[in-house]
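A.B. asks: Take the working numbering: the final residue in the sequence shown is number 454, and no numbers are missing along the way. Ideal Cβ placement from N, Cα and C applies to all residues, glycine included.
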Amino acid sequence: YHELSPPCHPPAEWAGHHDPADMPVPELRADDLAKKPPFYRECYEGYVANGRQPDEPALRRAIASCYDQMRFIDHQFGRALAALEEMGVADDTLVVFLADHGLSLNDHFQWRHGPFLFDQVTNIPMIWRLPGGAAGAVSAELVEGVDVMPTILEWCGVEAPPGVQGRSMLPILRGEPGARGRESVLLQERQAPDLDARGLDPERITQWAVRTHEWKLIHYPGEEFGELYDLRSDPGEFDNLWADPGYAGQRSEMERLLLDRIAAARDPLPMREQHW
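Set out below in structure tokens:
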């Protein structure tokens, strides 16, 4: 299902279920853009200039259409699960529901997803159903998209091929005691096509980021600006501590972690023999 970036157009019988007046809207702070890298303001102003930045009534209508579309998708996915039951293969089938990215619904004055790495964009739905799993369990462990494939392979009893960088999540999914995810996740965004819609060059913004349970750092290669957030006291990522001298040590620590994660993400396959 592709269309979950509002405004959505669910089938007529699924539209209008959610009242725009009841829709939650994101918290907006007047000084938010002043604390972000300058392209945040440029993105916002670019959408305002071309008429694509919604006002609150339009935003509420768009969010309601998104909720209606999610309800439709939920129904369709339920049909798929029912078919597995009817065929008698549900107890032998691994089911995974996930998305490629999250969505900003005007969080930090930004619309859709664009070149942004705050949690609303990078935290995706990931729901697993597997025979013998911990039914109804919710985990706060950190995992990455590259962890999906080795998890499926392990469940199928297939050895992961050389070069796989992900880690199996199967112990977490089975609810095994002491099962843990990652200490940090590596995030990247480059050449976001949404920049073009805002009148900005997509090749202009490249982001590398690392997130732990407590901190997030976003690095912009070649730029003097960046982002650093204390997620314990500022889960909404409003207070950018990048340039705060009181957090220079924490920034340095997170920069070292980011370098370590980037180095670990290099191609692990052995180099082919060279013939000079």
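Measure the alpha-carbon distance for T390 versus A190 and round it to whole angstroms.
C.D. replies: Taking the sequence shown and counting its residues from 1, the one referred to as residue 390 is at position 212. Taking the sequence shown and counting its residues from 1, the one referred to as residue 190 is at position 12. C-alpha separation (whole angstroms): 42 angstroms.
A.B. asks: Tell me, which residues are paired with L276 by DSSP?
C.D. replies: Counting from 1 along the sequence shown, the entry for residue 276 is found at position 98. In DSSP, L276 forms a bridge with M304.
A.B. asks: Can you check whether the C-beta of P303 is within less than 8 angstroms of a C-beta belonging to chain B?
C.D. replies: Chain labels in this structure do not include chain B; a single protein chain is all it has.
A.B. asks: Verify whether the separation of the beta carbon atoms of P204 and L283 is less than 8 angstroms.
C.D. replies: Your numbering for residue 204 matches position 26 in the sequence shown. Your numbering for residue 283 matches position 105 in the sequence shown. Going by C-beta atoms, P204 is nearer than 8 angstroms to L283.
A.B. asks: Taking 8 angstroms as the limit between beta carbons, can you name the residues of its chain near D379, skipping five residues before and five after?
C.D. replies: Along the sequence shown, read from residue 1 onward, the residue named residue 379 stands at position 201. Answer for D379: L373, listed in chain order.
A.B. asks: According to DSSP, is Q428 helix, strand or coil?
C.D. replies: Your numbering for residue 428 matches position 250 in the sequence shown. Note: Q428 maps to helix in three-state DSSP.
A.B. asks: Just mark N418 as buried or exposed, buried being the case when its beta carbon has 16 or more other beta carbons within 10 Å.
C.D. replies: For the purposes of this step, residue 418 is taken as the residue at position 240 of the sequence shown. It is buried - the Cβ of N418 has at least 16 other Cβ atoms within 10 Å.
A.B. asks: Since E253 is in the alpha helix (DSSP H), which residue starts that stretch and which ends it?
C.D. replies: The count along the sequence shown starts at 1 and reaches residue 253 at position 75. Checking the displayed sequence, the identity of residue 253 turns out to be His instead of Glu. Looking at the DSSP string, the run of the alpha helix (DSSP H) that includes H253 is 234-264.
A.B. asks: Assuming contact is defined by CB atoms lying nearer than 8 angstroms, are D197 and A240 in contact in what I supplied?
C.D. replies: As a first step, residue 197 is located in the sequence shown; it is residue number 19 there, counting from the start. As a first step, residue 240 is located in the sequence shown; it is residue number 62 there, counting from the start. For D197 and A240, no; Cβs fall outside 8 angstroms.
A.B. asks: Using a Cβ distance threshold of 8 angstroms, determine whether the stretch 401-415 contacts the stretch 308-319, with at least three qualifying pairs required.
C.D. replies: Counting Cβ pairs under 8 angstroms, fewer than three are found: no touch.
A.B. asks: Helix, strand or coil, according to DSSP, for V321 in the structure here?
C.D. replies: Your numbering for residue 321 matches position 143 in the sequence shown. V321 falls in the coil class under three-state DSSP.
A.B. asks: With DSSP collapsed to three states, give me the class of T329.
C.D. replies: As a first step, residue 329 is located in the sequence shown; it is residue number 151 there, counting from the start. It is helical.
A.B. asks: Do you know how far the Cα of Y218 is from the Cα of A268?
C.D. replies: Locating residue 268 in the sequence shown gives position 90, where the first residue counts as 1. Locating residue 218 in the sequence shown gives position 40, where the first residue counts as 1. One C-alpha to the other measures close to 46 angstroms.
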